[in-house]
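Chains as they are written, first to last, in my numbering: chain A, 526 to 646; chain B, 2 to 253.
Since the structure comes first, as structure tokens, the remarks are kept for the end.
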């Protein structure tokens, strides 16, 4: 019985400690979720409006910038990465770092060669 | 933290076992809840990383052929319904909010709210699949589905502007191959998500995920949000190419 209390004490103590540093059980207020959703709606309207203006190659740049902002909001707030430990942040960041490797190395290969005859012309 | 020893293990194994019964959500191979939560989160993020790499291959194929067949992408995307695409984007973003609310309710051990928010999320996800099914059926009847029903360009000879740009129907077909691969894989993920959300509603109704055992709902939320993020990129890349384009006049 005494040991159970000790365990609970320890957990409670850690919980309080974690809220400041890297609180995994940080409970995000509902108002934050609503603000994030409102921002996502504004960005959705922006990307839609921008698509109807002919801005040349800027169209894809604007569309992708807005998409990255939307994804960032979802990752940081809905997926709680902002309130997660450094290790979780590192894993989330590494995911997109690996994606950049996939794109940059493979595109560099295609850009620096003839279009392969085996692919659709 | 890791160097602390469990007081119960030193002299009373029975008390240790009883302690674990009391906190059955803590699995025996973890020191404490903090470690278990961290480990479970990392495992899910690792899985999400493999998901991003799988979709990444398709996004790469999209980018490569967009670079090569830019005009064909313009022609192909003018067949898509931007209104339905926008509604679906709204539906999925809204479902991410309701999923976040379900996770929030679970963390507060509010069973009824958690099950209700999961229910709203399920309905929104099903609406997304329903709208997608309408779009795909339309494409099928028009003859814009490669391999299954590809005859649109047999009956609609390509406009002279396109011929001038050197675009053949096979280049437009490439756009649709990529469109159906990406939205198809995304829809499979949505269906898996719907099955999981339904299962979690059933478990939640039976009293799971309460009193500190809320993390499975958070993990389900991570999956749902990732599928949402993939759509956040698919929508502008697939639907919003032709909005301004001169070829866009006429539609289908």
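C-beta: ideal position from N, C-alpha, C; glycine also.
Since the model is a prediction, treat every value here as computed from it, not as a measurement.
A residue is called buried when at least 16 other Cβ atoms come within 10 angstroms of its Cβ; residue 644 of chain A does not meet this threshold and is exposed. Inside the stretch 50-85 of chain B, DSSP marks whole alpha helix (DSSP H) runs of 4 or more residues at positions 71-78, from first to last along the chain. Pairwise C-beta distances place the stretch 84-96 of chain B in contact with the stretch 224-243 of chain B, as three or more of them are shorter than 8 Å.
Residue nearest to residue 597 of chain A within the set A:574, A:646 and A:617 is A:617 (criterion: CA-CA distance). By the Cβ criterion, the stretch 71-81 of chain B is not in contact with the stretch 553-562 of chain A, since fewer than three pairs of Cβ atoms, one from each stretch, lie closer than 8 Å.
Excluding the 5 residues flanking it on each side, residue 584 of chain A has same chain C-beta neighbours closer than 8 Å at 575, 576 and 578, in chain order. Within the same chain, Cβ atoms closer than 7 Å to the Cβ of residue 26 of chain B are found at 213 and 214, the five residues on either side in sequence being excluded.
Between residue 121 of chain B and residue 157 of chain B, the alpha-carbon positions lie close to 42 Å from each other. With respect to chain B, the C-beta atom of residue 565 of chain A has a partner C-beta closer than 8 Å. The Cβ-Cβ distance between residue 179 of chain B and residue 66 of chain B falls below 8 Å.
For residue 82 of chain B, no chain A residue has a C-beta closer than 7 Å to its own C-beta; the minimum C-beta separation is roughly 13 Å. Beta-bridge partners assigned by DSSP to residue 567 of chain A: none are found. Residue state for residue 124 of chain B is assigned as helix, using DSSP reduced to three classes.
Nearest CB-CB separation between residue 50 of chain B and chain A: below the 8 Å threshold. In the three-state reduction of the DSSP assignment, residue 146 of chain B falls in the strand class.
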